[in-house]
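Asker: Numbering (the numbering used here), first residue to last: 1130 to 1512. For glycine and all other residues, C-beta sits at the position ideal for the given N, C-alpha and C. These numbers come from a predicted model, not from an experiment. Right, I'll just put the structure down here and ask away after.
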Amino acid sequence: MWRSVASNALTFLIVLFLGVGIAGLWAKNEYMQAGPLDQGICLRVAPGSKFYDTADDLKKQGAISSASLFRIGAEYNGKANQLKAGSFLIPAAASMDQVVDLITKGGANTCGTEIVYRIGVASTTVQVRELDPATERFVERAAFKMGDDAPSDYTRVLDAMATRHRIAMAEGVTSWQVVQAINGIEVLQGDITEIPAEGTLAPFSYEVASGDTRASVIADMVARQTSILDQAWTNRAADLPLKSKEEALILASIIEKETSVPDERGLVSSVFINRLNQGMPLQTDPTVIYGITKGQGVLGRGLRRSELRGQTPWNTYVIRGLPPTPIANPGADAIAAAVNPDDSRYIFFVADGTGGHAFAKTLAEHNANVAKWRQIEAERATD
């Protein structure tokens, strides 16, 4: 009899363990497999939210198949107490494991509204964009020039917790322009009263948060540009007519202002390097313009003959060699081109009417290219 009882108990335990094992495998598979969402959603996690309530919210929105299993999986992985506040994009078919990772890793919001402050050469624009979770693409809701009256779509989301703020700094803007723009961003604190040295701010897209200081943003820009310049100078070509990385930065700023065509930067750099090697003046218009404006805005007109002959420290028609400072903040590609120019014998270039330039090795070739450009200008003037 006891033998029979023991045998039945052993059988029961085996069946129980098998059942637990099968249930465990099912639960793991359910937790890791693709979720039920047909299209992405924005999940809003308010400050102070509990993981339990967030799991229920996800279940109600159809993002997960089981709130209980979601909580158990998060507990097992040690993430149930790491819930972050914010607005998160939950993509279609995201597994429970992926969703847990999204809402516990923190960092910037991945969903909701974004305000982008675009610092451009001509002006700074403010763009309000909202992520469409179904397409995972941003849709523009409003756009205006900084200094103009702000639309209601901007004021409505300016201080919202789920709103991201980003500063997109274009290549070739001046330090004065950057400071003017940053001082106008309402969510930042403190004022910038001194203009950073020209060329020392890195064009980039910077994530900022409400309450950040303007000084910290400038510091980030300087640190990034310093790192870019240091690396480029370390990897520079041999026998450059540049005495220091500061001179490389000056040349890079001229290259940045002379061409917006990525494939031309190396050739433009080679022209200036060849001119420096031959002791020729650089004769570049952007340096003349900087001598007039000091980087404080756009000239907005063509240069006069008298200005080409004007005595300023930056006028490379009347000085030989590089000007004393950069004339803008160059991007990483322009810096790389300055220290690794293309191998060419070109010493002239002029616009070719396509947005690029025609390059020449001799004055005769250059004069022919200039004549073509003058003809294009005349035809455009009559259109």
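(1) Would you list the one or two residues that DSSP bridges to Ala1271?
(2) What number of angstroms, rounded off, separates the C-alpha of Val1286 from the C-alpha of Thr1303?
(3) Taking the straight line between their C-alpha atoms, what separation do you get for Met1225 and Phe1199?
(4) State yes or no: is the C-beta of Arg1258 within less than 8 Å of the C-beta of Glu1269?
(5) Would Leu1380 and Met1350 qualify as a contact pair, given that the criterion is a beta-carbon distance under 8 Å?
(6) For Ser1398, I'd like the list of residues in its chain whose CB is within less than 6 Å of its CB, leaving aside the five on either flank, ordered along the chain.
(7) Can the beta-carbon of Asn1498 be found closer than 8 Å to that of Ala1487?
(8) Restricting to runs no shorter than 4 residues, where is the alpha helix (DSSP H) found entirely within the stretch 1319-1375?
(9) Go through the stretch 1381-1430 residue by residue and report every complete run of the alpha helix (DSSP H) that reaches 4 residues or more, in order.
(10) With a Cβ-Cβ cutoff of 8 Å, do Gln1451 and Glu1376 count as a contact?
(11) What's the C-alpha gap between Gly1215 and Val1174?
(12) Mark Gly1513 as exposed unless 16 or more other C-beta atoms lie within 10 angstroms of its C-beta, in which case mark it buried.
(13) Which residue or residues does DSSP assign as beta-bridge partners of Leu1172?
(14) Is the beta carbon of Lys1372 closer than 8 Å to that of Trp1362?
(15) Run through DSSP, which three-state label would Glu1243 get?
(16) Rounded to whole angstroms, what is the Cα-Cα separation between Ala1510 and Asp1368?
(17) Can the beta-carbon of Val1346 be found less than 8 Å from the beta-carbon of Ile1296?
(18) Can you list, in chain order, the residues of its chain whose CB lies under 7 Å from that of Ala1184, leaving out five sequence neighbours each side?
(19) Taking the alpha-carbon positions, what's the Lys1386 to Gly1439 distance?
(20) Buried or exposed for Leu1437, please, with buried defined as at least 16 other CB atoms from any protein chain shown within 10 angstroms of its CB.
(21) Considering Val1316, what are the terminal residues of the alpha helix (DSSP H) in which it resides?
(22) Would you mind stating whether Ile1324 and Ile1311 have Cβ atoms separated by less than 8 Å?
(23) Quick check: the Cα distance between Pro1176 and Ser1356, rounded to an integer number of angstroms?
(24) Spatial neighbours of Gly1460 within its chain, please: C-beta separation below 7 Å, excluding the five flanking residues on both sides.
(25) State the beta-bridge partners of Arg1266 as determined by DSSP.
(26) Using 8 Å for Cβ pairs, my map puts Ser1252 next to Asp1288. What's the rounded Cβ distance?
(27) Just grab the DSSP bridge partners of Ile1232 for me.
(28) Does DSSP put Ile1296 in a helix, in a strand, or in coil?
(29) Mind listing, in chain order, the continuous beta strand (DSSP E) runs of no fewer than 3 residues lying wholly within the stretch 1458-1506?
(30) Using only the alpha-carbon positions, how far apart do Val1134 and Ala1203 sit?
(31) Could you check the C-alpha separation between Ala1221 and Tyr1246 for me, to the nearest Å?
Answerer: Reading off the structure:
(1) On the sequence shown, residue 1271 is found 142 positions in, with the first residue counted as 1. The partner list for Ala1271 (beta bridge, DSSP) reads Val1257.
(2) Numbered from 1 along the sequence shown, position 157 holds the residue referred to as residue 1286. Numbered from 1 along the sequence shown, position 174 holds the residue referred to as residue 1303. So the alpha carbons of these two residues sit roughly 29 Å apart.
(3) The residue labelled residue 1225 in the question sits at position 96 within the sequence shown. The residue labelled residue 1199 in the question sits at position 70 within the sequence shown. Their backbone Cα atoms lie some 6 Å apart in a straight line.
(4) The sequence position of residue 1258 within the sequence shown is 129, counting from 1. The sequence position of residue 1269 within the sequence shown is 140, counting from 1. Their beta carbons are under 8 Å apart, which means Arg1258 touches Glu1269 by this criterion.
(5) Residue 1380 sits at position 251 when you count from the first residue of the sequence shown. Residue 1350 sits at position 221 when you count from the first residue of the sequence shown. Not a contact, by the Cβ cut-off of 8 Å.
(6) On the sequence shown, residue 1398 is found 269 positions in, with the first residue counted as 1. Counting only Cβ-Cβ distances below 6 Å, and skipping sequence neighbours, we find Ile1384, Ala1466, Ala1467, Pro1470.
(7) By 1-based counting over the sequence shown, the position of residue 1498 is 369. By 1-based counting over the sequence shown, the position of residue 1487 is 358. Yes, Cβ-Cβ distance for Asn1498 and Ala1487 is below 8 Å.
(8) 1343-1363
(9) 1394-1407, 1414-1422
(10) For the purposes of this step, residue 1451 is identified with residue 322 of the sequence shown, where counting begins at 1. For the purposes of this step, residue 1376 is identified with residue 247 of the sequence shown, where counting begins at 1. Checking the displayed sequence, the identity of residue 1451 turns out to be Leu instead of Gln. Yes, these two residues count as a Cβ contact at 8 Å.
(11) By one-based count along the sequence shown, residue 1215 stands at place 86. By one-based count along the sequence shown, residue 1174 stands at place 45. Cα to Cα, Gly1215 sits roughly 5 Å from Val1174.
(12) For the chain, the structure presents residues 1130 to 1512; residue 1513 sits outside this window and is missing.
(13) For the purposes of this step, residue 1172 is taken as the residue at position 43 of the sequence shown. Answer is Phe1217, bridged to Leu1172.
(14) Position 233 of the sequence shown holds residue 1362. Position 243 of the sequence shown holds residue 1372. No, these two residues do not count as a Cβ contact at 8 Å.
(15) Along the sequence shown, read from residue 1 onward, the residue named residue 1243 stands at position 114. Note: Glu1243 maps to strand in three-state DSSP.
(16) For the purposes of this step, residue 1510 is identified with residue 381 of the sequence shown, where counting begins at 1. For the purposes of this step, residue 1368 is identified with residue 239 of the sequence shown, where counting begins at 1. Near 44 Å, if we compare the C-alpha coordinates of Asp1368 and Ala1510.
(17) Here residue 1346 refers to the residue found at position 217 when the sequence shown is read from its first residue. Here residue 1296 refers to the residue found at position 167 when the sequence shown is read from its first residue. Cβ distance < 8 Å, so Val1346 and Ile1296 count as in contact.
(18) Here residue 1184 refers to the residue found at position 55 of the sequence shown. Once the five neighbours on either side are set aside, the close Cβ partners of Ala1184 are Ala1196, Phe1199, Arg1200.
(19) For the purposes of this step, residue 1386 is taken as residue 257 along the sequence shown, with counting starting at 1. For the purposes of this step, residue 1439 is taken as residue 310 along the sequence shown, with counting starting at 1. For Lys1386 and Gly1439, the distance between alpha carbons rounds to 20 Å.
(20) To locate residue 1437, count along the sequence shown from 1; it is residue 308. Exposed is the call here.
(21) Your numbering for residue 1316 matches position 187 in the sequence shown. Where Val1316 is concerned, there is no enclosing alpha helix (DSSP H), given that its DSSP letter is neither H nor E.
(22) Within the sequence shown, numbered from 1, the residue matching residue 1324 stands at position 195. Within the sequence shown, numbered from 1, the residue matching residue 1311 stands at position 182. For Ile1324 and Ile1311, no; Cβs fall outside 8 Å.
(23) What you label residue 1176 is simply residue 47 of the sequence shown in a count that begins at 1. What you label residue 1356 is simply residue 227 of the sequence shown in a count that begins at 1. Whole-angstrom Cα-Cα distance: 36 Å.
(24) In the sequence shown, the residue the question calls residue 1460 occupies position 331. Excluding residues within five positions, the ones whose Cβ falls inside 7 Å are Glu1300, Pro1332, Glu1385.
(25) Position 137 of the sequence shown, counted from the first residue, corresponds to residue 1266. Bridge partners of Arg1266: Asp1261.
(26) The residue labelled residue 1252 in the question sits at position 123 within the sequence shown. The residue labelled residue 1288 in the question sits at position 159 within the sequence shown. About 24 Å separates the two Cβ atoms, so there is no contact after all.
(27) Against the sequence shown, residue 1232 aligns to sequence position 103. DSSP output for Ile1232 lists no bridge partner at all.
(28) The residue given as residue 1296 occupies position 167 in the sequence shown. If DSSP states are grouped into helix, strand and coil, Ile1296 belongs with the strands.
(29) 1477-1480, 1486-1489
(30) Within the sequence shown, the letter at position 5 stands for residue 1134. Within the sequence shown, the letter at position 74 stands for residue 1203. Bear in mind that a pLDDT of 45 at Val1134, under 50, signals an unreliable position, so the number given afterwards is only what the model happens to contain. So the two alpha carbons sit approximately 40 Å from each other.
(31) Taking the first residue of the sequence shown as 1, we reach residue 1221 at position 92. Taking the first residue of the sequence shown as 1, we reach residue 1246 at position 117. Distance between the alpha carbons of Ala1221 and Tyr1246: 30 Å.
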